[in-house]
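Colleague: These protein sequences, in sequence, are chains A and B.
The first sequence begins at 1 in the working numbering and counts up by one.
The second sequence begins at 1001 in the working numbering and counts up by one.
For each residue, glycine too, the CB sits at the ideal point set by N, CA and C.
Here the structure is a predicted model, which means the values were calculated and not measured.
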Amino acid sequence: DAGVIQSPRHEVTEMGQEVTLRCKPISGHNSLFWYRQTMMRGLELLIYFNNNVPIDDSGMPEDRFSAKMPNASFSTLKIQPSEPRDSAVYFCASSWDRLPLMNGYTFGSGTRLTVV
Amino acid sequence: SQELEQSPQSLIVQEGKNLTINCTSSKTLYGLYWYKQKYGEGLIFLMMLQKGGEEKSHEKITAKLDEKKQQSSLHITASQPSHAGIYLCGADMEYGNKLVFGAGTILRVKS
């Protein structure tokens, strides 16, 4: 398995532009998570899906952020309009839906977003 | 997450020395996960602890969960440059398939 695949790896955009981050989870995993990592706030959970349905989006910072999971193999995180404070590394992770999570989540390599 | 406190924030050790990283919660942990992250890369799963008093080892890294299931320690024996990176603890605190993470501990190993 190729693991969790995120694209792009790096994104530089101007303030006010729309940004879309993409994630392909591991085949067969039915839970998907979007995290954001910054020096100041560490690793924060933004939203997670189970069987393509958003379960908890309480971590989404503002209405400018939205996430979708149209099918089991694809998810997007969109920021519109983007602001410099959105600059961070965004991680996608996936897992089996089992409790407890014996093998944890599998993380992608992340997308480093810079908004100028 | 403020729910999980990691200490120290950063650590510099001489190659060959032992070190310990701690992860503490005020709540009972249903699962405690240790990850390692190299700069610019994703998180790599190390090990998971579930039962009070449980201890697991992977190569020269040993992790323990205390009896009350509120504190975990990660111990590295005879550190090597390859151990350098950021160590994060994550916890399932609501038995609900969602992990929250500590702020991480930056480890540097001097050769």
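Just how far apart, CA to CA, sit B/D1066 and B/L1099?
Modeller: Sequence index remark: in the second sequence, residue 1066 of chain B carries index 66 (1-based). Sequence index remark: in the second sequence, residue 1099 of chain B carries index 99 (1-based). If I take the Cα positions, the gap works out to 19 Å.
Colleague: Give a yes or no on whether the minimum CB-CB distance between A/G42 and chain B is below 8 Å.
Modeller: For the purposes of this step, residue 42 of chain A is taken as residue 42 along the first sequence, with counting starting at 1. For A/G42, the answer is yes, since a Cβ of chain B falls inside 8 Å of its Cβ.
Colleague: Around the Cβ of B/I1012, are there at least 16 other Cβ atoms within 10 angstroms (buried) or fewer (exposed)?
Modeller: Residue 1012 of chain B sits at position 12 when you count from the first residue of the second sequence. B/I1012 should be labelled exposed.
Colleague: So A/G104 and A/Q6 are supposed to be a Cβ contact under 8 Å. How far apart are they, rounded?
Modeller: Here residue 104 of chain A refers to the residue found at position 104 of the first sequence. Here residue 6 of chain A refers to the residue found at position 6 of the first sequence. Not a contact, Cβ separation roughly 17 Å.
Colleague: Within 10 angstroms of the Cβ of A/S94, are there 16 or more other Cβ atoms? Answer buried if so, exposed if not.
Modeller: Against the first sequence, residue 94 of chain A aligns to sequence position 94. A/S94 is buried by the Cβ-count criterion.
Colleague: In angstroms, rounded to a whole number, what distance separates the CA positions of A/N50 and B/E1041?
Modeller: Position 50 of the first sequence, counting from 1, holds the residue named residue 50 of chain A. Position 41 of the second sequence, counting from 1, holds the residue named residue 1041 of chain B. Using only the alpha carbons, I get a separation of about 25 Å.
Colleague: According to DSSP, which residues form a beta bridge with B/W1034?
Modeller: Walking along the second sequence from the start, residue 1034 of chain B turns up at place 34. In the DSSP assignment, B/W1034 is bridged to B/M1047, B/C1089.
Colleague: Taking contact to mean at least 3 C-beta pairs separated by less than 8 Å, is the segment 35–48 of chain A in contact with the segment 58–72 of chain A?
Modeller: Counting Cβ pairs under 8 Å, three or more are found: they touch.
Colleague: Is there a Cβ of chain A sitting closer than 8 Å to that of B/K1098, yes or no?
Modeller: Translated into the one-based positions of the second sequence, residue 1098 of chain B becomes position 98. Yes, because at least one Cβ of chain A sits closer than 8 Å to the Cβ of B/K1098.
Colleague: Applying the 10 Å Cβ sphere with the 16-neighbour rule, what's the burial state of A/Q37?
Modeller: The residue labelled residue 37 of chain A in the question sits at position 37 within the first sequence. Under this definition A/Q37 is a buried residue.
Colleague: Output, in sequence order along the chain, the residues in the segment 1039–1067 of chain B whose CB is closer than 9 Å to any CB in chain A.
Modeller: G1040, E1041, G1042, L1043, I1044, F1045, L1046, M1047, M1048, Q1050
Colleague: Spatial neighbours of A/H10 within its chain, please: CB distance less than 6 Å, with the 5 preceding and 5 following residues excluded, ordered by chain position.
Modeller: Position 10 of the first sequence, counting from 1, holds the residue named residue 10 of chain A. Cβ neighbours of A/H10 beyond the five flanking positions: R112.
Colleague: Apart from the five residues just before and just after A/T76, which ones in its own chain have a Cβ nearer than 7 Å to its Cβ?
Modeller: Residue 76 of chain A sits at position 76 when you count from the first residue of the first sequence. Excluding residues within five positions, the ones whose Cβ falls inside 7 Å are T20, L21, R22, A67, K68.
Colleague: Where are the beta strand (DSSP E) runs, 3 residues long or more, that stay fully inside the segment 81–107 of chain A, in chain order?
Modeller: Here the runs fully enclosed are 88–95.
Colleague: Report the option in B/Q1014, B/L1029, B/Q1071, B/G1102 whose CA atom is closest to the CA atom of B/H1083.
Modeller: In the second sequence, residue 1083 of chain B corresponds to position 83, counting from 1. For B/H1083, the nearest C-alpha among the options comes from B/Q1014.
Colleague: Report yes if the C-beta distance between B/A1091 and B/Y1033 is below 8 Å; otherwise report no.
Modeller: Counting from 1 along the second sequence, the entry for residue 1091 of chain B is found at position 91. Counting from 1 along the second sequence, the entry for residue 1033 of chain B is found at position 33. Closer than 8 Å, so yes.
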